[in-house]
Every structure is written in C-alpha cells, then in structure tokens.
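Throughout the sequence shown, residue numbering follows this note's numbering, covering 16 to 310 in sequence.
Quick reminder that beta carbons are idealized off the backbone N, C-alpha and C, glycines included.
Keep in mind it's a predicted model, so treat the numbers as computed, not measured.
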Amino acid sequence: MKTHTIIIPTKDRPEMLVRAVNSALAAIDTEGEILVIDDNSKTPAVESLAHVNDARIHVYVNENSGGVAGVRNFGLSKSKGEIVFFLDDDDEILPDYCQRILSLDPLPAYGFSSFLEVNDFGKTQSQKMQGRIRFSTGPIPDDAPLNKRIFGFNMGFWIKRNVFQNVGNIDENLTINEDTEYGCRLISAGLDAWYSAEPGMVIHTHNSAGAGNLQHITHRVTSDERAKCILYVCESYPSMVHHLGRTYIKHCVKSNQFNTAWKFTRNQHDWKVRVNLYLLIFLKSVAYRLSGKMQ
C-alpha cells in the first residue's frame, strides 16, 4: 500500500480539531500519518489533542508567515507520504476515502471529490446533505468546463507529493482563493486529474459552532479582500478569465466597487466575455441591493 499523509492546518478550533483528527484516524492505515499544523492557536493543538494517543499523529507549530497557504506549505514540507490529502480542521474525512484513492492504478497526479454538507448554524444536530456531483467517478475530461474543474482544498483534494514538488508551493500572496490559483496552475500544467463522485468529505458550514472555535474564513474575509485576491488570479491566468472574472465581478459589486467592475469588464478583449460581465454587474447589483448584502 502507498504511504499517505493527511495534513490538517488548524487555528483556534480546539473542539472541531478533535473531530477532524478522529475522522482522519479512521481513514488511514498503518502506512498513513496525520500532520496537524498549528498556526499559533490560543489553546495549542498539542493540548487539544492530549487525550488522543496515536503514534500516527504528529503536531507541528507553523514556522511560516504566509497565512493559511504558508501553513499548508509547511505541512507539505514535513510530509512523508507519497500521496497527500488535505483536511480542514472544521471538516471530516470519510473512513474509506483514502483507501479508494490509494487503490487507483495508475494513480493520477491529483484529484478531488464530491462531499456531504452539514449546516451547523444554531443546530444541535444537523442532517448530512449531498453536495452537487460534478462528474461520474473517473478521469476529469480536459474539455470539461473550467468551473467544474476548479476545486476548493476542502473538497477532498489530494495530490502526489512529487507533483506538488514539481508544481511548486501554494501561493502565499493570497489570503483567500489560494486553492483557486493552485487549481488553475495544475490545469495549466496539463496534469491528469481524478474525480470521485462518491463523497470523500463532510463539510461543516458554520459561523462558530461552539465556544472557542474560530468562525469560517468566508465570514471573516471582506468582499473587498476577496476581490483583490481573485483579480490576482485573473491576471495570472488571463485565458481563464471567462470563469474567474465572474467571481471577481461578484465581489466588486458586493463591496460597491462599481467603477472597478466596469473598468475590468471594458478591458476584456473577447466581446462575449464583456457582454456576460456587463450583464452580471447589473444582475448582481439588483440582487445584492434587494437582499441587503451590499457591503
């Protein structure tokens, strides 16, 4: 069996971290390891996990300063597995997911999966709901729409360690959407990818599900900051702006940056992209005003 690593970056989520680690322990075998990378939590991760005794767990304090991207990069530098799985500290990996991927022969360069979604907002017990399935299980077609090929690191993402070493570190210039940039980089490199239609993860949606647990990053980062980050990705991958630009426009409108949104749209060379973005500006401005989501 191939050696494998599950990397769990963590910051100020002591209760959720224990849940994540327990799920990881159920998912790996004797050839696996779990790396918990503590980004200087108020309650150190080693204390939160003091009662979880298993030699496969290794806890490190992050030595990088590049935000969550730096934490993941630090974890990858410490990993020993041939295959590396990503797990957020507020989510769970399903027990059979690692073994399903490790049994693939030949093994593609990277992949991700569908997931189960749990809404933890104000609920004592939540039902797991199946997230949208993008493909049937198997290789991801090269001609598939970009929005289906892009993934979040929390969507059961895994990568061969030697592929990561060749492609390079996750971009530490980004405070959010670093997974979008990395997905664009992998796609641009023409690497073979795999999709698992059977869920690999349980993703917990929450504001702060429990005392002492840090709220989800999507609730901590402003639309203005998200717009800056996705613009960086757009400028890095201009051939993908037909998809990436829609996300940029959405955050520009939400943060009242209409002039910036108009300028970005005018500068697009493809008239079809321009028309779609102009229409999106109008639709999003109406929707956000009516819903009160304009920042």
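Where the beta strand (DSSP E) through residue i begins and ends
i	result
Y75	72-76
L65	In the sequence on display, residue 65 carries Ala and not Leu. No beta strand (DSSP E) holds A65; DSSP gives it neither H nor E.
H19	19-25
Which of helix, strand or coil DSSP assigns to residue i
i	result
G47	strand
F130	strand
H219	strand
Q140	Residue placement at Q140 is poorly supported in this model, since its pLDDT is 49, which falls under 50; the coordinates still yield a value, given next. Coil at Q140, not helix or strand.
Y263	helix
A226	For A226, the predicted model reports a pLDDT of 47, less than 50, meaning its position is unreliable and no value from the coordinates is stated.
P154	strand
I232	Residue placement at I232 is poorly supported in this model, since its pLDDT is 49, which falls under 50; the coordinates still yield a value, given next. I232 falls in the helix class under three-state DSSP.
P214	strand
D239	helix
E107	strand
Y112	helix
Nearest neighbour of residue i, chosen from the options [CA to CA]
i	options	result
G215	K278, I43, K26	I43
W209	R115, D53, V288	R115
R176	S118, L91, E240	L91
T45	R200, E30, N55, I21	I21
S128	P121, P154, D120, N134	P154
E240	T275, E250, S270, L50	S270
A84	N192, T220, R34, T237	N192
S211	K287, M144, R149	R149
V33	N134, V61, T18, Q283	V61
R28	H221, G205, S80, D120	H221
A302	V288, K265, L292	K265
R144	S254, V217, A124, R200	Per the sequence presented here, residue 144 reads as Met, with Arg not at that position. The candidate whose alpha carbon is nearest that of M144 is V217.
F273	Y252, H257, S300, D285	S300
M31	K17, S63, I49, G47	S63
C267	P123, M309, L50, I174	M309
Y75	I52, V182, V86, W286	I52
Interface flag, residue i vs chain D, CB-CB below 8 Å
i	result
E240	In the displayed structure, chain D is absent; only one protein chain is listed.
Endpoints, alpha helix (DSSP H) assigned at residue i
i	result
I148	Per DSSP, I148 belongs to no alpha helix (DSSP H) and is neither H nor E.
P123	Here P123 belongs to no alpha helix (DSSP H), and DSSP marks it neither H nor E.
E30	29-42
K93	82-93
The region 35-44 / the region 106-123 touching (three or more Cβ pairs under 8 Å): yes
For the region 235-248 against the region 177-193, are there 3 or more C-beta pairs whose distance is under 8 Å? yes
Length at least 3, wholly inside the region 158-211: the beta strand (DSSP E) runs in chain order: 173-175
So within the region 251-310, which uninterrupted alpha helix (DSSP H) runs reach at least 4 residues, ignoring any that extend past its ends? 256-269, 273-281, 286-306
Decide if the region 69-86 is in contact with the region 252-262; the criterion is three or more beta carbon pairs, one per stretch, under 8 Å apart. no
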